[in-house]
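Numbering (the numbering used here), first residue to last: 15 to 81. Backbone N, C-alpha and C define an ideal beta-carbon position, used for all residues, glycine too. Only one structure is covered here, and it is reproduced in the block below.
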Amino acid sequence: MSSSYIEVELNHQPIELCKLLKIANLVGGGGEAKMVISEGYVLLNGEVEYQKRKKVYMKTLLNLTAK
């Protein structure tokens with residue numbers, strides 16, 4: 015299993031989780047971002063996150079999993 019990491023630099027924080035996924039090019043658009051969050055594919059600091067508009071701050075570890 016291989017892992018890759020990206021670092022996203024933001025001008026302001028917090029940022030909504032669905033927007034962060036789009037900015038980081040982890041999803042194709044807002045609809046896809048909301049779908050992967052609601053289906054439990056997104057982890058924040060190791061915990062599954064279902065809130066689409068969850069506020070994300072600096073130093074938060076985000077994982078996008080494939081089930």
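Could you check which residue in Leu-24, Pro-28, Val-41, Ile-37 has the C-alpha nearest to that of Thr-79? Translated into positions along the sequence shown, residue 79 becomes position 65. Nearest C-alpha to Thr-79: Val-41.
Where His-26 and Leu-35 are concerned, what is the direct C-alpha to C-alpha distance, given to the nearest angstrom? Your numbering for residue 26 matches position 12 in the sequence shown. Your numbering for residue 35 matches position 21 in the sequence shown. If I take the Cα positions, the gap works out to 15 Å.
For a quick check, are the C-beta atoms of Ala-38 and Val-22 less than 7 Å apart? Residue numbering aside, residue 38 sits at position 24 when the sequence shown is read from its first letter. Residue numbering aside, residue 22 sits at position 8 when the sequence shown is read from its first letter. Cβ atoms of Ala-38 and Val-22: closer than 7 Å.
Lys-36 by DSSP, collapsed to three states: which one? Locating residue 36 in the sequence shown gives position 22, where the first residue counts as 1. Note: Lys-36 maps to helix in three-state DSSP.
Ile-29 by DSSP, collapsed to three states: which one? The sequence position of residue 29 within the sequence shown is 15, counting from 1. The answer is strand: DSSP assigns Ile-29 an E or B state.
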